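*Asks:* The structure under discussion is supplied below as structure tokens; questions concerning it will follow.
Protein chains in written order, with our numbering: chain A, 143 to 357; chain B, 143 to 357.
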């Protein structure tokens, strides 16, 4: 057992979630993604629920890092519109395993009404994303990039809701991410009274969410 | 066994889904909501998956009826803005069991990437809703209620995505439906260049999605 065991287990949880989904996930599936036996994983985590909460906590730390320092912050540091678009597109498309991951995340969201601990974790993601969007919009209003009429609270909440919709519609019926992001560009242009630089955060070729699970 | 047995079973499926969610649902849970034994239900449906598909089919018929004749069609027949708002709010709030039902529906959406039959059913709902929204917007552009600049295809797709987001965010983190509908009103007013009659489709007091399942 090394110092890195918890990280190895959390990485294995991510892979196992992408492969099996949340409902079907077992501790054995997670052990199968590591060199550890199931008992070693139980040594660190009481069970699937406990491990999933630790995984969401780990994910939240990564999410916070991404929100505070987008990959292209340097290139777009002075352009609130590009930062805003980059925040939205990176959430939708960053990971190569995004479709499977988005699907597992939707399963967890559907469990949240019955699981207060999951719900608290999901609220942290929701609030952090909305707060970051609000901050970037407020910056853009302050420096004159966006119209004075823009209400950062209202637009941040609307965008947070809309991004939930993009993820759900993509998972549920395969609505293309490219079309959804194009529609967000049009919304931002109209609402903030700007021209969007569509090179700030590009959308990868349609990632399919129809690929079967590995179980 | 009466002529109404299939309808009784489908109604029982709805109640059982709201009580137990999709993942936990068993044929026995459905039988418990009827005077029938589990074997009688198996006589009509091969299993849970087959029954769920029949249920989604039944739900789609009701959905189509609602889309083509909203409850307040008479009152708002000549007002495309009110019809549009009524379509959106009725989808979000019509049923008294809406929170539990929305949660079960989100579970089914999360299964859809692994289940082509579910996905086909969900696509019918998605397409029917988007088409109806598009039609009402096109009517409003044609009769001069909405601005000539409005693209019915683009706005209908954006609203369909957004309604997915309202449902998901409500289930996942308890974001209030009233706030979400208010934000849609502001979007419609800005995009269609209209004043919204907020009496067209009212939002009931916050329905909680935090109530525990009955299992």
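Ideal Cβ placement from N, Cα and C applies to all residues, glycine included.
Owing to the predicted nature of the structure, the values given are computational and were not obtained by experimental measurement.
With DSSP run on the structure shown, which of helix, strand or coil describes residue 353 of chain B?
*Replies:* In this prediction, residue 353 of chain B scores a pLDDT of 42, lower than 50, which makes its location untrustworthy; no coordinate-derived value is stated.
*Asks:* If distances are taken between C-alpha atoms only, which option among B/156, B/221, B/182, B/260 comes closest to residue 191 of chain B?
*Replies:* Nearest of B/156, B/221, B/182, B/260 to residue 191 of chain B, Cα basis: B/260.
*Asks:* Can you tell me where the alpha helix (DSSP H) holding residue 299 of chain B begins and where it ends?
*Replies:* Looking at the DSSP string, the run of the alpha helix (DSSP H) that includes residue 299 of chain B is 294-315.
*Asks:* Residue 171 of chain A: which of A/185, A/234, A/196, A/155 sits nearest, CA to CA?
*Replies:* Of the candidates A/185, A/234, A/196, A/155, the one whose C-alpha sits nearest the C-alpha of residue 171 of chain A is A/155.
*Asks:* With three or more beta-carbon pairs closer than 8 Å as the criterion, would you say the segment 296-307 of chain B touches the segment 299-314 of chain A?
*Replies:* The segment 296-307 of chain B, when compared against the segment 299-314 of chain A, does touch it at the 8 Å Cβ threshold.
*Asks:* Within this structure, are the beta carbons of residue 152 of chain A and residue 196 of chain A separated by less than 8 Å?
*Replies:* Yes, Cβ-Cβ distance for residue 152 of chain A and residue 196 of chain A is below 8 Å.
*Asks:* If we ignore side chains and look at the alpha-carbon of each, how far apart do residue 163 of chain A and residue 176 of chain B end up?
*Replies:* For residue 163 of chain A and residue 176 of chain B, the distance between alpha carbons rounds to 32 Å.
*Asks:* Would you check if the segment 273-281 of chain A and the segment 290-297 of chain A touch, i.e. whether three or more CB-CB distances between them fall below 8 Å?
*Replies:* Yes, the segment 290-297 of chain A is in contact with the segment 273-281 of chain A.
*Asks:* Roughly how many angstroms lie between the CA atoms of residue 202 of chain B and residue 240 of chain B, to the nearest whole one?
*Replies:* Between residue 202 of chain B and residue 240 of chain B, the C-alpha separation is close to 16 Å.
*Asks:* Considering Cα atoms alone, identify which of A/187, A/178, A/232, A/315 is closest to residue 252 of chain B.
*Replies:* The option with the nearest alpha carbon to residue 252 of chain B is A/315.
*Asks:* Which value, in whole angstroms, describes the spacing of the CA atoms of residue 189 of chain B and residue 165 of chain B?
*Replies:* If you take the alpha carbons of residue 189 of chain B and residue 165 of chain B, they lie about 14 Å apart.
*Asks:* I'd like to know whether the C-beta of residue 147 of chain A is nearer than 8 Å to at least one C-beta of chain B.
*Replies:* Closer than 8 Å: no.
*Asks:* Using 8 Å as the threshold, is the C-beta distance between residue 233 of chain B and residue 330 of chain B below it?
*Replies:* Taking 8 Å as the Cβ cut-off, residue 233 of chain B and residue 330 of chain B do not qualify as a contacting pair.
*Asks:* Taking only the alpha-carbon atoms, compute the straight-line gap between residue 353 of chain A and residue 210 of chain A and give it to the nearest angstrom.
*Replies:* Since pLDDT at residue 353 of chain A reaches only 42, below the 50 mark, its modelled position is unreliable, and the value read off the structure follows with that caveat. So the two alpha carbons sit approximately 32 Å from each other.
*Asks:* Applying a beta-carbon distance threshold of less than 8 Å, which residues of chain A neighbour residue 231 of chain B?
*Replies:* Near residue 231 of chain B there are no residues of chain A at all, since even the closest Cβ is about 15 Å away, more than 8 Å.
*Asks:* If the cut-off is 8 Å on Cβ atoms, which residues from the segment 282-313 of chain A count as contacting chain B, listed in chain order?
*Replies:* So the list reads 296, 299, 300, 302, 303, 304, 305, 306, 307, 308, 309, 310, 311, 313, given in the order they occur along the chain.
*Asks:* To which residues of the same chain is residue 276 of chain A closer than 7 Å at the C-beta, ignoring the five residues directly before and after it?
*Replies:* Cβ neighbours of residue 276 of chain A beyond the five flanking positions: 294, 295, 298.
*Asks:* Output the boundary residues of the alpha helix (DSSP H) element that contains residue 231 of chain A.
*Replies:* Its alpha helix (DSSP H) spans residues 222-235.
*Asks:* For residue 322 of chain A, does the count of other Cβ atoms within 10 angstroms reach 16, so buried, or fall short, so exposed?
*Replies:* Label assigned to residue 322 of chain A: buried.
*Asks:* For the segment 310-340 of chain A, which residues have a beta carbon sitting closer than 8 Å to at least one beta carbon of chain B?
*Replies:* Result list: 310, 311, 313, 314, 315, 316, 317, 321, 322, 325, 328, 329, 332, 333.
*Asks:* Please list the residues of the segment 244-259 of chain B that have a C-beta atom closer than 7 Å to any C-beta atom in chain A, keeping them in chain order.
*Replies:* Correct list: 245, 248, 249, 251, 252, 254, 255, 256.
*Asks:* Determine whether the Cβ of residue 161 of chain B lies closer than 8 Å to any Cβ atom of chain A.
*Replies:* By this cut-off, residue 161 of chain B is not an interface position.
*Asks:* With 16 other CB atoms within 10 Å as the buried threshold, where does residue 269 of chain B fall?
*Replies:* It counts as exposed.
*Asks:* DSSP on residue 289 of chain B, reduced to helix/strand/coil?
*Replies:* Residue state, collapsed to three classes: coil.
*Asks:* Please compile the residues from chain A whose C-beta is within a distance smaller than 7 Å of the C-beta of residue 165 of chain B.
*Replies:* Those within 7 Å of residue 165 of chain B in chain A are 165.
*Asks:* If you draw a straight line from the alpha carbon of residue 337 of chain B to that of residue 199 of chain B, how long is it in whole angstroms?
*Replies:* Between residue 337 of chain B and residue 199 of chain B, the C-alpha separation is close to 37 Å.
*Asks:* Beta-carbon separation of residue 285 of chain A and residue 222 of chain A under 8 Å?
*Replies:* It is a contact, given that the beta carbons lie within the stated cut-off.
*Asks:* Nearest to residue 326 of chain A by alpha carbon, out of A/312, A/231, A/206, A/147?
*Replies:* It is A/231.
*Asks:* Going by DSSP, what residue range makes up the alpha helix (DSSP H) through residue 183 of chain A?
*Replies:* That run of the alpha helix (DSSP H) goes 180-186.
*Asks:* Is it right to say residue 149 of chain B is buried, meaning 16 or more other beta carbons lie within 10 angstroms of its own, or is it exposed?
*Replies:* It counts as exposed.
*Asks:* Contact check, residue 193 of chain A vs residue 187 of chain A under 8 Å by CB: the rounded distance?
*Replies:* So it is a contact: roughly 4 Å between Cβ atoms.
*Asks:* Report the neighbours of residue 220 of chain B on chain A: residues whose CB is nearer than 7 Å to its CB, in chain order.
*Replies:* By Cβ distance, chain A contributes nothing, its closest Cβ being about 28 Å from residue 220 of chain B, past 7 Å.
*Asks:* In whole angstroms, what separates the C-alpha of residue 182 of chain A from that of residue 146 of chain A?
*Replies:* Cα-Cα distance, rounded: 13 Å.
*Asks:* On a Cα-Cα basis, can you pick out the residue from B/324, B/258, B/339, B/340 that is closest to residue 313 of chain A?
*Replies:* The candidate whose alpha carbon is nearest that of residue 313 of chain A is B/258.
*Asks:* From residue 205 of chain B to residue 246 of chain B, what distance separates their C-alpha atoms?
*Replies:* Taking the straight line joining both Cα atoms gives about 16 Å.
*Asks:* Residue 324 of chain A to residue 235 of chain A, Cα distance in whole Å?
*Replies:* Approximately 14 Å, taken between the alpha carbons.
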